[in-house]
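Protein chains: 2
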Amino acid sequence: MQRDTRQRRAIRRVFMNVGRPLAPDEVLEHGQRIVPSLGLATVYRNVKALTDDGWLSEVELPGGGIRYELAERPHHHHFLCRSCDLAFDVHRCPDEIEELAPEGFEVDGHELILFGRCAECR
Amino acid sequence: MQRDTRQRRAIRRVFMNVGRPLAPDEVLEHGQRIVPSLGLATVYRNVKALTDDGWLSEVELPGGGIRYELAERPHHHHFLCRSCDLAFDVHRCPDEIEELAPEGFEVDGHELILFGRCAECR
DNA sequence: GAAGAGATGAGAATTCATTATCATTATAGG
DNA sequence: CCTATAATGATAATGAATTCTCATCTCTTC
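Residue numbers (numbering that gives the first Met the number 0), protein chains in the order written: chain A, 0 to 121; chain B, 0 to 121.
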């Protein structure tokens, strides 16, 4: 059976509060403000479990590992700050995007990433 | 000084022939058809040198390492096949894309990736 | 509030891409 | 053709992200 631990609650809370894709080490950092003893292995275990449960989904952006965000959110894309390397959500999306593929290709999804400097870093 | 070796010529030819982004191991595989003794270290060295020269540019797509493509090509995007994991070029691009960022963010580039199955894999 | 079993935390182990090492080979220039 | 030296290739080393191990802890249930 699956237990409702302090650590897992903290990790869920982090994602609900932050509202942008997080890398495991970011989850650790934010999570330790709630449960200071939180360890990195626990973050990996729970992030994986929550992803398997469908509560989180994986986001792959340039610049290293996989990040995670709340699943079942409205369609959106991402902005990646070249300065602080944080990822932010972009809630608008051009709609004819999937028409752009070459002839004969079957498109089932797309990802759009904007690069630049976030409001904070400017 | 920089020498014009068989290996480097082979690697350049691979990129010119294939016309899509290649990961180092793909470069190795194609290059060995021209110079069978070609080694992986040489691929990494030359790909890096050609990138420093501005002849290649880096492409970061989901699913692992960096791929490379000919630099100085017209603006384009990529299609990533979920089945064979090859990357293809997409030559069309919606033009109002960079207007989508949140208020206060400064956009200096974008990447658009389509996912699906390529003509070959269907 | 005891006991059983899942979860945790710290660090070791693993994986995989990339880089460094170094003896050998091949190129450019004379 | 010769020489100096850049480049190569095989393999070891590195680095970073992720997973594993295991003793300990803490939920859950009775």
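The beta-carbon is built from N, C-alpha and C at its ideal position, and this holds for glycine as well.
Under DSSP, the beta strand (DSSP E) around B/V34 begins and ends at which residues? Element bounds for B/V34: n/a, residue is neither H nor E.
Contact list for B/P73 against chain A, beta-carbon separation under 8 Å: Within chain A, no residue comes near B/P73; the closest Cβ sits about 14 Å away, beyond 8 Å.
Name the chain A residues whose beta carbon is nearer than 8 Å to that of B/H109? L111, I112, L113, F114
Per-residue contacts from A/C117 into chain B (C-beta, under 7 Å): F104
Name the residues in the region 21 to 49 of chain A whose C-beta lies less than 9 Å from a C-beta of chain B; which are they? none
List, in order along the chain, the chain A residues whose C-beta lies closer than 8 Å to that of B/I122? Shown here, chain B extends from 0 to 121; a query on residue 122 of chain B therefore has no answer.
Whole angstroms are fine: how far does the CA of A/L69 sit from the CA of A/M15? 8 Å
Mind checking which residues open and close the alpha helix (DSSP H) that includes B/A9? 5 to 17
How many Å lie between B/P23 and B/K47 at the Cα? 10 Å
What number of angstroms, rounded off, separates the C-alpha of A/R5 from the C-alpha of A/E25? 18 Å
How would you list, in chain order, the residues of chain B whose beta-carbon sits under 8 Å from the beta-carbon of A/A100? F78, V89, L113, G115
Span separating the alpha-carbon of B/G112 from that of B/I10: Position check: residue 112 of chain B holds Ile in this sequence, whereas Gly was assumed. Using only the alpha carbons, I get a separation of about 26 Å.
DSSP three-state assignment for B/H76, whether helix, strand or coil: strand
Endpoints, the beta strand (DSSP E) within which B/R66 is located: 65 to 69
Write down the C-beta distance between A/L79 and A/L60 rounded to the nearest angstrom, noting that I regard them as a contact closer than 8 Å. 6 Å
Who pairs with A/G108 in a beta bridge, going by DSSP? B/F114
Compute the beta-carbon to beta-carbon distance between B/A100 and A/G115, rounded to the nearest angstrom, for a pair I have assumed lies under 8 Å. 7 Å
Among B/R81, B/D94, B/P20, whose alpha-carbon lies nearest the alpha-carbon of A/D107? B/R81
C-alpha gap between B/R8 and A/G53, whole angstroms: 48 Å
Determine the extent of the beta strand (DSSP E) in which B/D88 is found, giving its start and end residues. 86 to 89
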